[in-house]
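Each residue of the sequence shown is one higher than the one before, counting from 1 in full-length UniProt numbering.
Worksheet: the structure to be examined is printed underneath.
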Amino acid sequence: AVPLTVLTSDWPACPGSFWCHNNLCLNPALRCDGWDDCGDNSDERDCRESTPALAPVTTCTDGAFLFLSAECDASQLRCQNGRCKPKFWQCDGTDDCGDNSDEDNCVKCKPGEFLCRNQRCVPESRRCDGRDDCSDGSDESQCKRSVLLQQCSEHSFRCRNGKCISKLNPDCDGELDCEDASDEDGCHCGKRPYRSSRIVGGQVSQEAEWPWQVSLHIKGTGHTCGASVLSNRWLLTAAHCVRNPGSAMYSQPEQWEVLLGLHEQGQTSKWTVKRSVKQIIPHHRYDPVTYDNDIALMELDANVTLNQNIYPICLPSPTYYFPVGSEAWITGWGATREGGRPASVLQKAAVRIINSTVCRSLMSDEVTEGMLCAGLLRGGVDACQGDSGGPLSFTSPSGRVFLAGVVSWGDGCARRNKPGVYTRTTQYRSWIREK
1 AVPLTVLTSD WPACPGSFWC HNNLCLNPAL RCDGWDDCGD NSDERDCRES TPALAPVTTC
61 TDGAFLFLSA ECDASQLRCQ NGRCKPKFWQ CDGTDDCGDN SDEDNCVKCK PGEFLCRNQR
121 CVPESRRCDG RDDCSDGSDE SQCKRSVLLQ QCSEHSFRCR NGKCISKLNP DCDGELDCED
181 ASDEDGCHCG KRPYRSSRIV GGQVSQEAEW PWQVSLHIKG TGHTCGASVL SNRWLLTAAH
241 CVRNPGSAMY SQPEQWEVLL GLHEQGQTSK WTVKRSVKQI IPHHRYDPVT YDNDIALMEL
301 DANVTLNQNI YPICLPSPTY YFPVGSEAWI TGWGATREGG RPASVLQKAA VRIINSTVCR
361 SLMSDEVTEG MLCAGLLRGG VDACQGDSGG PLSFTSPSGR VFLAGVVSWG DGCARRNKPG
421 VYTRTTQYRS WIREK
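Structure representation (structure tokens):
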């Protein structure tokens with residue numbers, strides 16, 4: 001992550017950074033790179049002097065001109081208007097190119113048919129009929145009312161009474177969908193005192209913005225890894241943080257000190273709580289070579305009082321769906337550049353969920369079913385050394401935040417076409433609940 005400074009004066013200014021017209025401050029390295037990083041294209045305007053003569057240029061309605069990448073790389077598709085967009089945005093139902101060319105030549109269903117998420121077509125009459133006709137649950141996932149399914153599938157939400165419902169992501173959405181109300185159980189999680197701002201690149205977070213973020217310290221060494229608050233007693237982190245083949249010290253609970261409610265390293269406040277660790281439970285199938293099953297639980301030696309600075313993040317159900325291309329957030333005190341020094345103040349950055357097939361092709365097929373990829377394929381934003389074990393946070397439409405992943409591994413930090421890899425928490429919900 002590259003920290004940026006956002007000022008709140010009447011006239012926005014960005015010392016050392018590029019000022020977007022929508023008042024965002026952007027890493028200057030992202031200016032004129034062919035990507036709309038600002039969100040209003042202002043970072044891609046007036047780039048003629050700094051771009052190749054053969055690069056295509058389009059004239060905007062306001063008289064400015066917009067540089068379009070001369071060539072798209074292997075991870076991108078070229079739009080008809082010359083823009084380059086990630087391949088995993090193709091045929092996702094959204095006009096990402098601006099001319100809809102990323103949605104051309106996709107599977108088209110006949111009139112009266114519904115396009116499933118897996119690109120199958122089923123009759124529209126079979127939507128919301130209580131049967132999984134798509135085989136991926138998508139024909140039963142966006143119904144106006146939750147439907148009680150005649151048969152459960154791997155994609156349907158299972159209530160405590162064993163019955164399954166069709167609704168997509170019913171967990172803690174404020175509506176009672178299960179007959180036994182179990183979809184709204186354990187929902188004292190994922191809320192924070194104020195709305196988060198949108199950023200690009202990487203930025204210092206505000207105090208209490210990420211109340212589930214934890215700093216794990218090896219005594220005498222300082223910040224070593226991140227973790228997430230699951231309850232007033234339990235934390236979730238990465239197994240590689242507590243299972244180091246080179247030192248048995250990391251697996252010993254007495255070597256760790258936990259700081260909750262911390263914002264700046266070395267600067268505790270009245271909200272900061274320190275705890276020791278009672279026990280560490282790494283996943284029994286953790287592989288230190290492949291980083292498969294890279295997940296671990298930590299039990300504190302004493303309960304903490306939950307408040308606006310220390311609060312659990314929501315744990316998603318096994319069927320929770322994180323849409324490809326949707327925004328998630330990484331946070332931590334890790335290095336702000338590859339090989340750099342750790343950050344003193346908690347950093348945050350926005351990334352996007354990446355298609356697993358695309359990610360496997362970029363990461364040499366090292367991505368397993370228990371892993372999830374997120375990042376920006378152009379590079380510039382990623383988790384880095386010291387962020388391991390921390391949360392990948394996803395905000396649901398209801399505003400509640402879910403733990404989509406645990407920072408696990410990557411090929412360097414923020415490299416182009418090398419997204420971050422996270423432990424996929426939906427795969428481990430049952431394991432966590434058993435402990």
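Cβ coordinates follow ideal geometry from the N, Cα and C atoms, glycine included.
This one's a predicted model, so the numbers in the text were calculated from it and none came from an experiment.
Would you please state the rounded distance, in angstroms, between the beta carbons of C79 and K85? I believe it to be under 8 Å. Rounded to whole angstroms, the Cβ separation of C79 and K85 is 6 Å, and the two are in contact under 8 Å.
Enclosing beta strand (DSSP E) for H223 [first to last residue]: Residues 222-229.
What does the Cβ neighbour count give for G389, buried or exposed, with the cut at 16 atoms within 10 Å? Per the 10 Å Cβ criterion, buried.
Counting pairs of Cβ atoms below 8 Å between the stretch 232-244 and the stretch 177-191, do you hit three or more? Between the stretch 232-244 and the stretch 177-191 there are fewer than three C-beta pairs closer than 8 Å, too few to call the two in contact.
Any idea what DSSP makes of R433, helix, strand or coil? The DSSP-derived three-state label of R433 is helix.
Should Y428 and I295 be called a contact, given that it needs their Cβ atoms to be closer than 8 Å? Yes. Within cutoff.
Within the same chain, show all residues whose beta-carbon is closer than 7 Å to that of S205, passing over the 5 residues directly before and after it, in chain order. The residues are T331, L346, Q347, K348.
If you reduce the DSSP assignment to three classes, tell me which class W19 lands in. The answer is strand: DSSP assigns W19 an E or B state.
Measuring straight from C-alpha to C-alpha, what distance separates A227 and G82? Here the C-alpha atom of A227 lies approximately 42 Å from the C-alpha atom of G82.
Quick one: is Q255 buried, meaning 16 or more other Cβ sit within 10 Å of its Cβ, or exposed? Per the 10 Å Cβ criterion, buried.
Among C134, H21, K219, G405, which one has its Cα closest to the Cα of C353? According to the sequence displayed, residue 353 carries Ile and not Cys. Distances from the CA of I353 to each of C134, H21, K219, G405 were compared; the closest alpha carbon is that of G405.
CA nearest to the CA of R160, picked from P342, D180, S166, T268: Looking from the CA of R160, the closest CA among P342, D180, S166, T268 belongs to D180.
Bounding residues of the beta strand (DSSP E) (the contiguous stretch that carries V324): DSSP places V324 outside any beta strand (DSSP E), giving it a letter other than H or E.
Nearest-angstrom beta carbon gap, P342 and H223 [assumed within contact, 8 Å]: That pair is a contact at about 6 Å.
With a threshold of 6 Å on Cβ separation, who are the neighbours of H283 within its own chain once the five nearest residues in sequence on each side are excluded? Answer for H283: A239, N293, I295, listed in chain order.
E154 - DSSP class collapsed to helix/strand/coil: Of the three classes helix, strand and coil, the one that applies to E154 here is coil, per DSSP.
Alpha carbon to alpha carbon, what distance is there between L149 and D183? The alpha-carbon atoms of D183 and L149 are separated by roughly 15 Å.
Using the beta-carbon count (16 or more within 10 Å), is K435 buried or exposed? It counts as exposed.
Alpha-carbon to alpha-carbon, S156 and G16: Straight-line Cα distance between these residues: approximately 49 Å.
Between R424 and R360, what straight-line distance do the alpha-carbon atoms span, to the nearest angstrom? Taking the straight line from one Cα to the other gives about 15 Å.
R131 by DSSP, collapsed to three states: which one? When DSSP states are grouped into helix, strand and coil, R131 belongs to the coil group.
Limits of the unbroken alpha helix (DSSP H) element including S356: Start and end: 356-362.
DSSP bridge partner residues for A350 (one or two, in chain order): Note: A350 sits in a beta bridge opposite W329.
Residues near S398 in its chain [Cβ-Cβ closer than 7 Å; skip 5 each side]: Annotation for S398: D173, G174 place their beta carbon closer than 7 Å to its own, counting only its chain and skipping 5 residues before and after.
Assign S408 to buried or exposed, taking buried as 16 or more other Cβ atoms, counted over all protein chains shown, within 10 Å of its Cβ. Classification of S408: buried, given that the 10 Å Cβ count is 16 or more.
Quick check on C225: buried or exposed, where buried means 16 or more other Cβ atoms within 10 Å of its Cβ? C225 comes out buried.
Burial state of C20, where buried means 16 or more other Cβ atoms lie within 10 Å: Label assigned to C20: buried.
Minimum C-alpha distance to E207 - residue among P318, R275, Q308, K163: That would be Q308, whose Cα lies nearest to the Cα of E207.
Compute the Euclidean distance between the alpha carbons of E257 and E209, then round it to the nearest angstrom. Taking the Cα positions, E257 is about 22 Å away from E209.
Which of helix, strand or coil DSSP assigns to K87: The three-state secondary structure of K87, taken from DSSP, is helix.
For P391 versus I313, is the C-beta spacing smaller than 8 Å? Yes, they are a contact pair.
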